[in-house]
Amino acid sequence: MARYLVIVESPTKVKTIKKFLGSNYVVVASNGHVRDLPKSQLGVGPENDYEPKYITIRGKGEILANLRKEVKKADKVYLATDPDREGEAISWHLCKALKLENKKTYRISFNEITKNAVKASLKNAREIDMDLVDAQQARRVLDRVVGYKISPVLWAKVKRGLSAGRVQSVALRIIADREEEINAFIPEEYWSLDANLKVKGERKLLNAKFYGTDKKKMTISSKEELDKILKELEGASYEVAEIKKGERTKKAPVPFTTSTLQQEASKALNFATGKTMQIAQQLYEGVDIKGNGTVGLITYLRTDSTRISDEADANVRAYIGEQYGEEYVAVGETKAKTGGKIIQDAHEAIRPTDPARTPAAIKESLTRDQFRLYQLIWKRFLASRMQPAKYETTSVKISAGKYRFTVAASKIVFQGFRLVYTEAGEEKEEKSVLMKGLDMDSKLTKESFDTKQHFTQPPAHYTEATLVKALEELGIGRPSTYAPTISTIIARRYVAKENKNLYLTELGEVVDNIMLQSFPSIVDVNFTANMESLLDGVAEGKVKWKTIIENFYPDIEAAVEKAQKELETVKIEDEVTDVVCEQCGRNMVIKYGPHGKFLACPGFPECRNTKPYLEKIGVSCPLCGKDVVLRKTKKGRKYYGCEDNPDCEFMSWQKPVQKKCPRCGNYMVEKGNKICCSDAQCGYVENKENSDK
1 MARYLVIVES
11 PTKVKTIKKF
21 LGSNYVVVAS
31 NGHVRDLPKS
41 QLGVGPENDY
51 EPKYITIRGK
61 GEILANLRKE
71 VKKADKVYLA
81 TDPDREGEAI
91 SWHLCKALKL
101 ENKKTYRISF
111 NEITKNAVKA
121 SLKNAREIDM
131 DLVDAQQARR
141 VLDRVVGYKI
151 SPVLWAKVKR
161 GLSAGRVQSV
171 ALRIIADREE
181 EINAFIPEEY
191 WSLDANLKVK
201 GERKLLNAKF
211 YGTDKKKMTI
221 SSKEELDKIL
231 KELEGASYEV
241 AEIKKGERTK
251 KAPVPFTTST
261 LQQEASKALN
271 FATGKTMQIA
281 QQLYEGVDIK
291 GNGTVGLITY
301 LRTDSTRISD
311 EADANVRAYI
321 GEQYGEEYVA
331 VGETKAKTGG
341 KIIQDAHEAI
351 RPTDPARTPA
361 AIKESLTRDQ
371 FRLYQLIWKR
381 FLASRMQPAK
391 YETTSVKISA
401 GKYRFTVAAS
411 KIVFQGFRLV
421 YTEAGEEKEE
431 KSVLMKGLDM
441 DSKLTKESFD
451 TKQHFTQPPA
461 HYTEATLVKA
471 LEELGIGRPS
481 TYAPTISTII
491 ARRYVAKENK
501 NLYLTELGEV
511 VDNIMLQSFP
521 SIVDVNFTAN
531 MESLLDGVAE
541 GKVKWKTIIE
551 NFYPDIEAAV
561 EKAQKELETV
571 KIEDEVTDVV
581 CEQCGRNMVI
591 KYGPHGKFLA
601 CPGFPECRNT
611 KPYLEKIGVS
621 CPLCGKDVVL
631 RKTKKGRKYY
641 GCEDNPDCEF
651 MSWQKPVQKK
661 CPRCGNYMVE
671 KGNKICCSDA
681 QCGYVENKEN
691 SDK
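Just so we're aligned, residue 1 is where the sequence shown starts under UniProt numbering, counting upward by one.
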């Protein structure tokens, strides 16, 4: 009997796939990559026509030896690595490492690990797609060149084992940009004005919001403006000027892509991007379901397509019709907005492999986190093939002299997809219902006004979810790179994560500044997005991969050379402080560590004394008069506090200045090229130059 060898990436897949194939099939795992560029050297360069030097990854020798034994016994070899560029490259590396050139070798790929999909892939076995392999090689070489060429520059400048990366440096720049925006933001005052009206014959008061005049919408910018409007409203009669009824529909969402799954899992389940991908990988590779053995529950998790196969589409529509009624089945399908971006449509969207396998039915076989993520994917997929939700809307305009107030309400008249799915943060929507007795003839009397002062808010700090969204919208990275990019900048302490928000650390600021000064193209969003489209061109067979490297390499070489020359002109020495080491009497010096600056004794290794570095900013503490120093939270986020902490509790996220607010006497802070009162309610602002005079 002929013997067939199927090589997959992970041991979990071995269990899932084995049960679909006959006894003449042997399924084994390569445990991911088997070859890579050497860690000890660059491994690629012009001297060898940019041909990468690959070596066996340390620890993979035994796995390869076992695979070679199986290859010898096999009549045919099927390479069944993941269905993406990286998976294609792993298959190619396996070919080289196992010397499969003279063996009957085929590449098979499947978007879901189900019996039908695996059997169909064997019938449609093909050769390795070298365009996909080359696209992955180009990405790997570009990342290696950036990392290995630029990192030594950072070591020289910052004096520790930092590292740079092609995509991570751009992600860091995006976070730094947002931080600068937030720090320079000056709040603007505005007021809201609500009228509580008594409707004749109704017990409940009607709350109407100030709109403006009958001609235009108005923003109330100050207390003076508010007082003027309130004075003009004295004695005004309130009448219903207009009642408009209408209908509104809310479209069903599209199925998940990698990016939207990461965003929604972050909002709804509080999962970090890395955790989402780890659990999704488990669901894709297979989970042991009672009575069914190991089953692949979802389709491939790295995709930016919202497409669904015809078979899956028919199955889910039939399921919706049976479970909820034909009136809930969508007529067409919701299309995703791509904004002109090229979508890698080789894969389907992320969906359950079988919609009839409900989360409730398999809950006992899943961990809590697996169940929650599977339920999210299952509900979203069903919703994508359901009818829109329909609402009845009512909008009322109320006149009061020359001014207008508005009341808006809506009620749901057909649940549609909302029967099974609502996005995170949407649950409280659409609950306003207008009082039944209100019509054009209703008699209204004003009972009271509610007035509130507000201030405009700065842009929000990035979270993992919003950073993924930004990277995707800007065309930076691919579905497989979002989670590792974010994990890397957090692990290297360039970015601190606190309560979901991402903050630039002191270390991140230093690295970002060097990258911006010496390697502006690397941190340029457009340059990186253009590089992604060039890599897509390689995958489509339109661009030669070495052409990209040939064009990129000399520019990086020149930038590194220039940066090193500039660094040579600056004598980099430890900055000596007036802090005396209490153990040996030497003056301590400022050094960089994993958390940023710290004080160390220059007598190392004889004297190993270190202490936190508290940088004085030349400003007195507004509470006790001692010095304000730059401090860091446990995770590395910068703030300003009193040197006498914890006895003095003063702290500020913005940098304080010595000058007091001339309006209210509070301390003032820097915001870009302005200085502002720290009390938003005061709102005093002046130009920085004026305060320096």
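Built from N, CA and C at the ideal position, the CB exists for glycine as well.
For clarity, every value in this text was computed on a predicted model and none was experimentally measured.
To the nearest angstrom, report how far apart I298 and E88 are at their CA atoms.
21 Å
Go through its chain and collect everything with a Cβ distance to T12's Cβ below 7 Å, but skip five positions before and after it.
E285, G286
Any alpha helix (DSSP H) of 4 or more consecutive residues that is wholly inside the stretch 205-257
223-233
Since P612 sits in a beta bridge, which residues does DSSP pair it with?
F598
Going by Cα to Cα distance, which pick from L444, K634, E540 is closest to A208?
L444
Touch test, the stretch 274-281 against the stretch 74-89, Cβ-Cβ under 8 Å, three pairs minimum
no
Write down every uninterrupted run of the alpha helix (DSSP H) in the stretch 454-528 whose length is 4 residues or greater and which is fully enclosed by it, in chain order.
464-473, 482-491, 506-518
Taking DSSP as the reference, what is the three-state secondary structure of Q387?
coil
So, with DSSP's three-state summary, where would you put E670?
strand
Among residues of its own chain, excluding the 5 on either side of K200, which ones have a beta-carbon nearer than 6 Å to its beta-carbon?
K443
Nearest-angstrom Cβ-Cβ length linking V28 and I17, presumed shorter than 8 Å:
The pair is not a contact, with the Cβ atoms about 10 Å apart (cut-off 8 Å).
Distance, Cα to Cα, Y503 vs I289?
41 Å
Residue of M668, R144, A409, V619 minimising C-alpha distance to P52:
R144
Are the Cβ atoms of P352 and I377 separated by less than 9 Å?
yes
Which full runs of the beta strand (DSSP E) of 3+ residues lie inside the stretch 258-315, going along the chain?
287-289, 293-295
Relative to the C-alpha of E239, which residue among E225, K397, E322 is closest?
K397
Where does T219 land, buried or exposed, given buried means 16+ other C-beta within 10 angstroms?
exposed
Would you decide whether F455 is buried or exposed? Buried here means 16 or more other CB atoms lie within 10 Å of its CB.
exposed
Excluding the five sequence neighbours on either side, which residues of its own chain have a C-beta within less than 6 Å of the C-beta of T528, listed in chain order?
V170, I476
Can you tell me whether W653 is buried or exposed? The criterion is at least 16 other CB atoms within 10 Å of its CB, across all chains shown.
exposed
Measuring CB to CB, does N687 end up less than 9 Å from C677?
no
If we count Cβ pairs, one from each stretch, closer than 8 Å, do we get three or more for the stretch 232-246 versus the stretch 384-400?
yes
Could you work out which residue in R380, P479, K69 is closest to E423 when comparing CA atoms only?
R380
Write down the C-beta distance between T258 and R302 rounded to the nearest angstrom, noting that I regard them as a contact closer than 8 Å.
5 Å
Inter-residue Cα distance where the pair is A314 and G332
12 Å
Quick check: the stretch 99-108 against the stretch 69-89, are there 3 or more CB pairs under 8 Å?
yes
Can you grab the Cα-Cα spacing for the pair S222 / E464, in whole Å?
37 Å
Per DSSP, what are the beta-bridge partners of F552 in this structure?
BP columns for F552 are empty, so no partner.
Where D177 and R608 are concerned, what is the direct C-alpha to C-alpha distance, given to the nearest angstrom?
38 Å
Presumed contact (8 Å Cβ cut-off) between V26 and E70, rounded CB distance:
6 Å
Run through the DSSP bridge pairs and tell me what V27 is partnered with.
V6
By the 10 Å Cβ neighbour count, where 16 or more other Cβ atoms means buried, how is K542 classified, buried or exposed?
exposed
Run through DSSP, which three-state label would V579 get?
strand
Leaving out the 5 sequence neighbours to the left and right, which residues in its chain are closer than 6 Å to S266 when beta-carbon positions are compared?
E464, A465
K436 to S410, Cα distance in whole Å?
13 Å
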